[in-house]
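A short write-up of the structure that comes next.
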Amino acid sequence: MRPRYITGDDAASAADEAATDIVEEDKAAVRTLSSSLALLNGLIGLVGIIVVAIIAFRMGFMMADANPNAAFVDFINRISGPLVHPFQGIMRNRNLDSAGVFEPASAYAIGTYLVAMLVSMLLVWALMPRRFSRQSVTIHHRGRIAHQH
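Right, here's the structure in full:
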């Protein structure tokens with residue numbers, strides 16, 4: 013049996029295959045990171061919307077002069093209280109013609125939490141890796157250059 017000698021073409025082909033494997037591994041890592049950050053972004057959005065909805069219910073109940081002893085109204089007031097507390101005292105509450113009360117602290121809280129949610133989501137989005145383009149990708153591997161198309 014004759015020994016097989018590796019030609020320059022064979023070596024280049026092996027280097028191209030190795031480079032292709034590296035590119036595929038990198039693409040898989042980018043997809044995993046992207047999906048994890050997308051999940052985080054979704055969770056930030058979901059929590060933000062829930063917080064804003066709870067405060068909006070509080071604000072609506074106060075403006076409609078809802079019975080604070082009703083179970084659901086009491087529940088909303090208890091869980092929204094700590095969320096609105098940092099904004100209390102900025103402006104005083106205003107009585108409405110309908111016997112309800114406009115609480116500016118709730119409006120400030122809604123605005124602040126919406127901005128915080130959007131900024132957080134934009135920061136996570138900025139961390140997301142960009143997709144590989146369909147153009148040529150040049151890879152340097154062990155002193156060789158391979159082009160992935």
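Using the working numbering, read the sequence shown as starting at 13 and increasing by one per residue.
Ideal placement from N, C-alpha and C gives every residue a C-beta, glycine not left out.
Given the structure is predicted, the values throughout are model-derived calculations rather than measurements.
How would you write the range of the alpha helix (DSSP H) that residue i sits in, first residue to last?
{"i": "ILE91", "result": "83 to 96"}
{"i": "PRO80", "result": "Neither: PRO80 is in no alpha helix (DSSP H) and is coded neither H nor E."}
{"i": "SER110", "result": "Unbroken run through SER110: none, as it is neither H nor E."}
{"i": "MET133", "result": "116 to 139"}
Going straight from the alpha carbon of residue i to that of residue j, what length do you get?
{"i": "ASN107", "j": "LEU52", "result": "41 Å"}
{"i": "MET129", "j": "ASN79", "result": "31 Å"}
{"i": "VAL59", "j": "VAL131", "result": "14 Å"}
{"i": "LEU49", "j": "TRP137", "result": "7 Å"}
{"i": "ARG90", "j": "VAL64", "result": "15 Å"}
{"i": "GLY93", "j": "TYR125", "result": "14 Å"}
{"i": "PRO98", "j": "ARG142", "result": "38 Å"}
{"i": "LYS39", "j": "LEU135", "result": "22 Å"}
{"i": "MET103", "j": "GLU115", "result": "8 Å"}
{"i": "ARG43", "j": "VAL127", "result": "28 Å"}
{"i": "VAL85", "j": "ALA41", "result": "47 Å"}
{"i": "GLY57", "j": "PHE87", "result": "23 Å"}
{"i": "ASN81", "j": "SER47", "result": "44 Å"}
{"i": "ALA54", "j": "GLY72", "result": "The sequence as given places Gly at residue 54; Ala does not occur at that position. When rounded, the distance between both Cα atoms is 26 Å."}
Give me the residue from the options with the minimum Cα distance to residue i.
{"i": "ILE122", "options": "ASN105, TRP137, ARG70", "result": "ARG70"}
{"i": "MET74", "options": "ALA111, VAL127, VAL131, GLY101", "result": "ALA111"}
{"i": "MET133", "options": "ARG43, MET103, LYS39, ILE61", "result": "ILE61"}
{"i": "GLY101", "options": "ILE88, PRO94, VAL64, ALA117", "result": "ALA117"}
{"i": "LEU139", "options": "LEU45, PHE84, LYS39", "result": "LEU45"}
{"i": "ASP109", "options": "VAL127, ALA76, MET103", "result": "ALA76"}
{"i": "ALA119", "options": "ILE56, ILE88, ASP86, ILE67", "result": "ILE67"}
Pop quiz: residue i and residue j are said to be a contact at Cβ under 8 Å. What is the actual Cβ separation, rounded to whole angstroms?
{"i": "VAL113", "j": "ASN105", "result": "5 Å"}
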